[in-house]
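Every letter in the sequence shown is one number past the one before it in numbering that gives the first Met the number 0, and letter 103, counting from 1, is 102.
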Amino acid sequence: MFVVMIAPECAPVAKVGGLGDVVYGLSRELEIRGNAVEIILPKYDCLRVEHIWGLQPTWHDLRVPWFGGHIPCTVWFGFVDGRKCFFVEPHSPDRYFERGTFYGCGDDHLRFAFFTRAALEFMRCSGKRPEIVHSHDWQTALTAPILFELYQHQGMSAQRVCHTVHNFRHQGTAGPEILWATGLGRPEHFLDRERLGDDWHPGVVNFTKGAIVFANFITTVSPHHAWEARFTDQGFGLGPALARHHDKFGGILNGLDYEVWNPETDPHLAAHYSVETVERKAENTRALRHRLWLRESAGPLVAFVGRLDPQKGLHLVKHALDHSLRQGAQFVLLGSSPDRAIDEEFRFVKHVYNDNPDCHLEIGFDEGLAHLIYAAADLVVVPSLYEPCGLPQMIALRYGTVPIVRRVGGLANTVFDRDWSERPPEERNGWVFEHPDFPGIESAMDRAFALWRDDPPAFRAFARQGMRCDYSWRVPGEHYLRVYEHIRHK
Ligand code: ADP
0 MFVVMIAPEC APVAKVGGLG DVVYGLSREL EIRGNAVEII LPKYDCLRVE
50 HIWGLQPTWH DLRVPWFGGH IPCTVWFGFV DGRKCFFVEP HSPDRYFERG
100 TFYGCGDDHL RFAFFTRAAL EFMRCSGKRP EIVHSHDWQT ALTAPILFEL
150 YQHQGMSAQR VCHTVHNFRH QGTAGPEILW ATGLGRPEHF LDRERLGDDW
200 HPGVVNFTKG AIVFANFITT VSPHHAWEAR FTDQGFGLGP ALARHHDKFG
250 GILNGLDYEV WNPETDPHLA AHYSVETVER KAENTRALRH RLWLRESAGP
300 LVAFVGRLDP QKGLHLVKHA LDHSLRQGAQ FVLLGSSPDR AIDEEFRFVK
350 HVYNDNPDCH LEIGFDEGLA HLIYAAADLV VVPSLYEPCG LPQMIALRYG
400 TVPIVRRVGG LANTVFDRDW SERPPEERNG WVFEHPDFPG IESAMDRAFA
450 LWRDDPPAFR AFARQGMRCD YSWRVPGEHY LRVYEHIRHK
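See below:
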């Protein structure tokens, strides 16, 4: 099968969060299984070009229709760790992708609607006719409406669209001008609630709603989150639309890239190890303590790695830090936030604990340090309020680090409580709590600390059991292919 991904991110050249990892990891898995995959991305000025091999212009005179005129674009091609990637570079005074940042501009809706139109125009001109076009998140959610409304009769009637929602909170909204910009036009037609019209704000175009209505299949990134999006407030207003289209909506768990995240080969570790040699984790713990000026300690090392976003349950992260120190454990945090207030809040916490030899906060983004932390820690906390899938718990399991998570979204599909789960004991792999409050997280942490303290061999055996879980792309890859096959023949 030939699949084209239209995406705003692809790790490691353009990665903000899990979306970038998914686009890369899924594409790789599909190719391993004998499919052809090409990825179309914006040519951001902040691309990490050192990760692109052979980057060169491949299409010079792409004229992308925009607001009744055209924007000329150059399309570049290069390999990103073996994946075939195209990068769209528009030449206009708007400089859509020359902002020094991926997101966060006032005209993001225009930037990404333009990119979506450009990606489809490039496919038309260059004769790309994949069986499946896979779009990702609000940024490229207009793929299905634009493809079916504008390109259907331009030789692209056989293409089918799968759209993945990585985060329902960000849906992409704009006024009717976006319809003129993209060439869709006809506001009275498209603003209808049965098409692109937002269910709650008359006159507003909702990009993700457009994908739900027009795409052949919509997925989100875990089965439990698919349920939450339909039946709780976690659909952020899209629940009724999902209910209307429930027969083409489902959850597929993200996979983890087991090449990148492999404790047997990871170049960022001080010592490599496998399920048989998990005791060598201790060498990584020593290396991390040395690197972060932590003292040697007989207590467990607890870690948090992630964006410092309220969605991650930041009050619980801070409480996990306090509670760890109170219980004789050490705590390491690696995280960053584009939000000034949150960034300062955590810098203040860092300042408070500056001289504490059992605690370190690293405010920033550091891929290498993240790898070492996962290898060095005994426990990782993921106390999210909202978590469509979540990668830290899967990474932790792969590295023999036991996750402590809140039972929400993808966390509920991947971590099973050692003491309370309905799963058989041999499938349990962590500690889970329900309520996003202090007693909730403490109860889970205390059970973890107790096993660590009272029965170290049992703790190690439990960590090893977690390492045997398979959260690679093997199973999710199969599921996506099943979806592609299903819509391909419709
Ligand atoms: P989200 O997409 O909401 O950010 P995910 O859990 O899906 O959350 O993915 C987060 C990924 O980004 C993980 O691989 C995590 O380790 C990584 N990550 C997040 N923040 C940092 C950071 N400050 N430094 C290094 N890696 C980070």
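In this text, a Cβ means the ideal position worked out from N, Cα and C, and glycines have one as well.
- Residue ranges of uninterrupted beta strand (DSSP E) with 3 or more members, entirely inside the region 237-288 and ordered along the chain, are 248-250.
- Taking all protein chains shown into account, residue 45 has fewer than 16 neighbouring C-beta atoms within 10 Å of its C-beta and is therefore exposed.
- Distance between residue 232 and residue 238, taken at the CA atoms: about 8 Å.
- For residue 369, the CB falls within less than 8 Å of some heavy atom of ligand 1.
- Take residue 311, set aside five residues on each side of it, and the residues of its chain with a beta-carbon closer than 7 Å to its own are 305 and 383, in chain order.
- Apart from the 5 residues on each side of it in sequence, residue 391 sits with its Cβ closer than 7 Å to the Cβ of 304, 305, 379 and 381 in its chain, given in chain order.
- Checking the DSSP bridge columns, you'll see residue 173 partnered with 204.
- By the criterion of a C-beta distance shorter than 8 Å, residue 34 is surrounded in its chain by 0, 1, 2 and 480, once the five residues flanking it on both sides are discounted.
- Residue 399 counts as buried, since at least 16 other C-beta atoms from the protein chains shown sit within 10 angstroms of its C-beta.
- Between the region 306-326 and the region 280-295 there are fewer than three C-beta pairs closer than 8 Å, too few to call the two in contact.
- Around the beta carbon of residue 52, fewer than 16 other beta carbons sit within 10 angstroms, so the residue counts as exposed.
- Judged by pairs of C-beta atoms under 8 Å, the region 461-472 touches the region 416-429, as three or more such pairs exist.
- Residue 13 carries a strand assignment under DSSP once its states are collapsed to helix, strand and coil.
- Across the structure, residue 388 and residue 351 are spaced so that their CA atoms are roughly 32 Å apart.
- Shortest gap from the CB of residue 390 to any heavy atom of ligand 1: under 8 Å.
- Contact between residue 134 and residue 162 holds: CB atoms are separated by about 5 Å, below the 8 Å threshold.
- Rounded to whole angstroms, residue 485 and residue 38 show a C-alpha spacing of 22 Å.
- In the DSSP assignment, residue 328 falls outside any beta strand (DSSP E), carrying neither H nor E.
- Taking C-beta separations shorter than 7 Å and ignoring five residues to either side along the sequence, the partners of residue 236 in its chain run 198 and 199, following chain order.
- For secondary structure counted as the beta strand (DSSP E) over 3 or more consecutive residues, the region 32-120 holds these complete runs in sequence order: 35-41, 51-65, 68-79 and 82-89.
- Restricting attention to alpha helix (DSSP H) runs no shorter than 4 residues, the region 126-156 encloses them at 142-145, ordered along the chain.
- Under the three-state reduction of DSSP, residue 487 is assigned to helix.
- Placement of the Cβ of residue 31 at a distance of 8 Å or more from every heavy atom of ligand 1 is found.
- CA-to-CA, the gap between residue 477 and residue 434 works out to about 34 Å.
- Residue 219 carries a strand assignment under DSSP once its states are collapsed to helix, strand and coil.
- Counting the other CB atoms within 10 Å of its CB gives residue 273 a total below 16, which places it among the exposed residues.
- Under DSSP, residue 416 forms a beta bridge with 429.
- Within the same chain, 108, 197, 200, 203, 204, 205 and 206 come within 8 Å of residue 172 by CB-CB distance, once the 5 residues on both sides are set aside.
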